[in-house]
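One structure is given below, encoded as structure tokens.
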Amino acid sequence: MSCFKCPHCGQPSYIFGKGGAHGTASEMGLEFLGEIPLEVDVREACDQGHPIVLAAPDSVVSKAYGEIAEKLAQKLKEQQFHPEIIL
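In this text, residue positions in the sequence shown follow this note's numbering: the first is 201, and each later residue adds one.
This is the structure in structure tokens:
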């Protein structure tokens with residue numbers, strides 16, 4: 201999660217700190233895939249049983265999920281892992 205933006209004034213609040221996940225990924229030699237902002241719309245859509253990517257596909261959160269999914273799909277496509285099957 202990245203930050204919570206106040207729905208009234210738009211001011212960001214980094215309630216979980218800032219940059220921690222990015223730093224941890226870097227320390228572990230991993231690519232940081234992205235941040236998901238905390239927004240009231242996500243909770244409201246989920247409370248109604250609707251994923252935010254369907255309820256508001258053009259929202260900032262939906263776009264962030266899409267970008268992360270694209271990066272993850274690309275990484276999986278590039279992966280050269282061939283499991284050994286043992287019977």
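Every residue gets a Cβ at the ideal spot worked out from N, C-alpha and C, and that includes glycine. Please read all numbers here as calculations on a predicted model, not as lab measurements.
>> Measuring only the C-alpha atoms, how far is A245 from G217?
In response: 25 Å
>> Assuming the contact rule is C-beta atoms closer than 8 Å, S262 and A269 should be a hit. Round their C-beta distance to whole Å, please.
In response: Contact flag wrong, Cβ pair sits at about 10 Å.
>> Using a Cβ-Cβ cutoff of less than 6 Å, which residues in the same chain neighbour Y265 once the five nearest sequence positions on both sides are dropped?
In response: V253
>> For C325 and Q280, what's the separation of their Cα atoms in angstroms?
In response: Outside the shown range of the chain, which is 201 to 287, sits residue 325, and nothing can be said about it.
> Given a threshold of 16 other Cβ atoms within 10 Å of its Cβ, counted over all protein chains shown, does V242 qualify as buried or as exposed?
Replying inline: By the neighbour-count rule (16 or more Cβ atoms within 10 Å), V242 is buried.
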